[in-house]
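Residue numbers (this note's numbering), protein chains in the order written: chain C, 1 to 217; chain Y, 1001 to 1668; chain V, 2001 to 2132.
Here is the structure we will look at, set down as structure tokens.
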Amino acid sequence: MTDATLPYVAHGDPHHVRGMQESVIAHEGPAPKRIVTGFGFWIFLLSDIVMFSCFFASYSVLLGQTAGGPSGAQLFDLRSVAAETAFLLLSSFACGMASIAADVRSVRWYQIAMAVTGLLGLGFLLLEVREFTDLVSRGAGPTRSAFLSAFFTLVGCHGVHVTAGLLWLLTMMAQVYTKGFRADIMRRMLCFALFWHALDIIWVAIFSIVYLIGSAT
Amino acid sequence: MLGKLNWSAIPIDQPIPLFAAGLVLVIILAVLAWAGIKGYYPYIWREWITSVDHKRIGVMYVLLAMVMLLRGGTDAIMMRAQQAIAYHSGGYLPPQHYDQIFSAHGTIMIFFMGMPFVIGLMNLIVPLQLGVRDVAFPTLNSVGFWLTATGALLINISLVVGEFARTGWLPYPPLSELRYSPGVGVDYYLWSLEISGIGTLVAGINLVTTVLKLRTRGMTYLRMPMFCWTTLASNLLIIAAFPILTATLTMLVLDRYAGFHFFTNEAGGNLMMFVNLIWAWGHPEVYILVLPAFGIFSEVVATFSSKPLFGYRSMVMATMAICIISFCVWLHHFFTMGAGPDVNAVFGIASMIIAVPTGVKIYNWLFTMYGGRLRFETPMLWSVGFMVTFTIGGLTGVLLAVPPADFVLHNSLFLVAHFHNVIIGGVLFGAFAGYTYWFPKAFGFRLHEGLGKTAFWFTFTGFWVTFVPLYAAGLLGMTRRLQHYDVAEWRPWMIAAGIGTILLTIGIVFQILQLAVSIRHREELRDATGDPWDGRSLEWATSSPPPVFNFAITPDVHGEDAYWLIKSHAKQQQITDHEEREYKDIEMPRNSPTGFVCAFFATVMGFALIWHIWWMVVLGGIGAFATFIAFAWRDHDEYLIPAAEVARVDRANLAERRAAMSLVGSAP
Amino acid sequence: MSDQAHPVYEHRDVAPGDEEEVRVGPRVIGYVIGLGLAILLTATSFFVAATNLVWQPSIPVALLVLAIAQMGVHLVFFLHITTGPDNTNNVMALAFGLLIVFLVVGGSVWIMSHLDQNMMPMEQIMHELRQH
């Protein structure tokens, strides 16, 4: 029973089980921190997507319940939606640039890209707030009917996530400014990028199902 | 200024809640005073409250669960007493009080007893079984625990200040809407669960990531202990299901707080959608509770049969099958709501199918026992008790899965008996099995065996004496949640159930007695080897309790039952002396008050939201955000344990183990 | 340590969101392609919804297909989720999440529409209520 029969040389075999029959493929051990953090955040995002799907389910069920009030087709302003879509999509691209800038450790390009991401995201939010206040002033607020409750909640939940994302973006910019590209800050940037791109994926579902299909009927 | 809160919120005109509240406050103050006088506060703060060690957090979870078991159990005793005497009489609990009691009983037992118990055991044991030093996200782990504790605290505050929901443990609209529940009761329920739901989700993310990404060298998926597989399945369900709960409760919150119309009668709301969505969460929830229990039984049965688990791969497949199918059966909770025969048939058949993988597991446990060298110590008693109890409970479940049968039995005491049968037989027995099995590992001394066996027999017998009468009464037409009744045939069954409750209570008393006596006699009961049961998995390779870093050198794994392999190899090789081990510095995560402070602000926000104190909500929110920022700005999140210290601790543990082993006369 | 005993390990995983490519040029181009495809698909969606050129009943399906395509573009070009062996965990997690979404949304819509069919019409309910 020599070491040569073993497919790998264990560095630290405290229980002396070298010399046991060992299969060729083994598990290397715990994953590095970046992978662990990224994966954990990824499954958090999936749980968030499940939550959104419940709001989508309610929306589908309550679609026709306008209680004699206005329907989607009568309310939606597709030009505003197109502008919101453009803002969010471009901000996703800018976020991708920020990720690359962080990987090459360029503080200047990172801050510029993040600022652009943030401004575009803010533009999205302002348009959405304007849309909501406009609807409320026309008597089509969330308390008018079940359909409107579902609409405001679904789209509003996405907006709340964008708002939280903007607060996080500002925090990331401040962290890089004060501490540079430390390993833990890089892991947080990975998570932020996942979050921001996922928000755009949810928005694709929202504008397609809520606004476009809603306007076409 | 203080929203809806004023002095009338304190129940001075209701003797029972007033007495209960007073008693609880006295106990809490006494404990706080005792700890203060003994000078324990710095220790408790440093070693427990701010701890990010999975072992400490696991113990705190289990402690929370056991305290909540007493509260939920007291509610149960009150209910059984009421139903035993309320024949042609109003009993001693007026309806608005009785309704709060059954609502609190269910909510507390599921969310603050069942969940923390299994999550605590998973937290405590899984990193040890995987051969690693901690879970994936230690500080987040602490946050998750403290948010769960916040939820428990808020519910218990409702006893003293205000009232609790009267809607049952799932607040169906329209009763739970503002129009029919204008008080704060439903709001206590909603915010308590929204906050603890975040805690549970965090635990779910932590444990899934730990099992998938943090296993020691050589531990492929098919070499993991069965408990880790069930942990994976249960926590995948948490991640998938708890968002549904959050979304649905949020919709009810919006209805109550902002005048939305998700579930209202007017403006097009659909109250049936609440029932649908809440059970889409609710059914996976019961599997979240029972899967870890199944894992515990796999560990216990294999250890106390001195045999490897029979059919490991089929167990894994059965576990993952249960995980997926549990998302395909939820409509069986509302067959009678009127979806029609097509829909009912599909979900009815799916509900019967899910019994098959569970049956596979039962057979595997039985085949593990067959031909083994059986030892019937307390954990094994709980396991065998489970096999009998849960199988019968499962059978009544399959009976209820037949829609026409369910139309007769829906919301009767038969249903109540069924779910207590599977939850008590499955989850509670599993929790107690895990508690008695792993207690020595957590604390370094065993629990008194005789008292443990007594507790088991009283609980087991008490369970049957309580719930068989409920099956009978259900078949005789008795509905659930009745505050009083006039049907003579039901009376003897209610009295019998009352007697069973007394037996169950004695069982719990013996559990408490066992703990107290074991602590007093801990030196005689000390576990010096770290392996009191001749275990098979890696947690038994550590000392009892393990050092903060779990393993001085993380082990290499070469097969299933990793520790058993190590022990057999050591016996074969007659290794009595350990060569010089190469110790290295170990980095461990630093303790942090983040979890506790976060929970403090969550409590403030929750209470303020319940009582409509808006300025306090804003302050609480700012506080929570500030805590998060403070944590993000931390520069040092780890501390170093030098190799010399690691060596010292490890050598001391090995020496203790060797000394104890040589007393027993076997190889290490 | 000896090199002749060569370990054969499972593939090292990649964190979700990270990509194998490290050079800046190709990475930026990847994002640009993704952006271009997304713009194309989005514009098509808006066009399909507004135009009379498409057969009307097919519009919801077309929009759904386009939405799925856009999500795919995001996943591949922005999130770098691929089917390589180093991404297996990430893809499995995503697949599990999507399964749950389909079960919950699909199941709920199916159940609720059946419940709806079997409900009395609202006018009849209001009529009953007014009688008592």
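Beta carbons are placed, not taken as given, at the ideal position from N, Cα and C, and that holds for glycine.
Contact of C1328 of chain Y with chain V by beta-carbon distance below 9 angstroms involves L2103, G2107.
Membership of L1640 of chain Y in the beta strand (DSSP E) is indicated by the continuous run 1638 to 1641. Look at the segment 1333 to 1349 of chain Y: the residues with a C-beta under 8 angstroms from a C-beta of chain V are M1337, G1338, A1339, G1340, D1342, V1343.
Judged by DSSP secondary structure, P1589 of chain Y falls within the beta strand (DSSP E) whose first and last residues are 1586 to 1589. By the Cβ criterion, the segment 128 to 147 of chain C is in contact with the segment 75 to 90 of chain C, since at least three pairs of Cβ atoms, one from each stretch, lie closer than 8 angstroms. When Cβ-Cβ separations below 9 angstroms define contact, G165 of chain C makes no contact with chain V. Residue-level contact by beta carbon holds for S149 of chain C and chain Y, with a gap shorter than 9 angstroms. L1190 of chain Y places its beta carbon 9 angstroms or farther from that of S2108 of chain V. About 13 angstroms separates the beta carbon of S2058 of chain V from that of L212 of chain C, a gap too long to meet the 8 angstroms contact definition. Sixteen is the threshold: since fewer than 16 other Cβ atoms of the shown chains lie within 10 Å of the Cβ of Y177 of chain C, the residue is exposed. Proximity of I43 of chain C to chain Y, defined by a Cβ-Cβ separation below 9 angstroms, is satisfied.
Using a Cβ-Cβ cut-off of 9 angstroms, L199 of chain C is close to nothing in chain Y; its nearest Cβ partner there is about 16 angstroms away. With respect to chain Y, the C-beta atom of G40 of chain C has a partner C-beta closer than 9 angstroms. The beta carbons of F1390 of chain Y and I1362 of chain Y sit closer together than 9 angstroms. Look at F1445 of chain Y here: in three-state DSSP terms it is strand. For I1085 of chain Y, the enclosing alpha helix (DSSP H) stretches over residues 1054 to 1085. Interface flag for H2074 of chain V against chain C is set, since a Cβ pair is found closer than 9 angstroms. Counting only Cβ-Cβ distances below 7 angstroms, T85 of chain C has contacts in chain V at T2042, in chain order. Only G1259, F1260, H1261, F1262, A1267, G1268, G1269, N1270, M1273, L1277 from the segment 1259 to 1282 of chain Y bring a Cβ to less than 7 angstroms from some Cβ of chain C.
DSSP, reduced to helix, strand and coil, places Y1435 of chain Y within a helical segment of the structure shown. Between H1261 of chain Y and the set Y:S1176, Y:F1607, Y:P1532, the nearest pair of CA atoms involves Y:S1176. By DSSP's assignment, R1526 of chain Y forms a beta bridge with Y:F1445. Counted as a single uninterrupted DSSP element, the stretch harbouring P1094 of chain Y is not any alpha helix (DSSP H), since DSSP gives it neither H nor E. For F2046 of chain V, the neighbours in chain C by C-beta distance under 9 angstroms run, in chain order, L78, V81, A82, T85, F207, L212. It is roughly 24 angstroms from the alpha-carbon of E1194 of chain Y to the alpha-carbon of H1054 of chain Y. In this structure C54 of chain C is in contact with T1248 of chain Y, their Cβ atoms being roughly 7 angstroms apart against a cut-off of 8 angstroms. For secondary structure counted as the alpha helix (DSSP H) over 4 or more consecutive residues, the segment 1267 to 1350 of chain Y holds these complete runs in sequence order: 1271 to 1304, 1312 to 1325. Contact annotation: D2013 of chain V and N2118 of chain V have beta-carbon atoms that are not nearer than 9 angstroms. DSSP places S1196 of chain Y within a helical segment (H, G or I) once states are collapsed to three. Here T66 of chain C carries a coil assignment [DSSP, helix/strand/coil].
Not flagged as an interface residue toward chain C: V1052 of chain Y, since no C-beta distance is shorter than 9 angstroms.
Under the Cβ criterion (8 angstroms, minimum of three pairs), the segment 1070 to 1089 of chain Y counts as touching the segment 1481 to 1490 of chain Y. Interface flag for S145 of chain C against chain Y is set, since a Cβ pair is found closer than 9 angstroms. When C-beta atoms of the segment 164 to 180 of chain C are compared with those of the segment 43 to 52 of chain C, fewer than three pairs fall below 8 angstroms, so the two segments do not count as touching. Residues of the segment 1217 to 1248 of chain Y whose Cβ lies closer than 7 angstroms to any Cβ of chain V, in chain order: L1236, A1240, I1244. Annotation: Cβ neighbours of P142 of chain C in chain Y (cutoff 9 angstroms, chain order): L1254, A1258, G1259, F1260, H1261.
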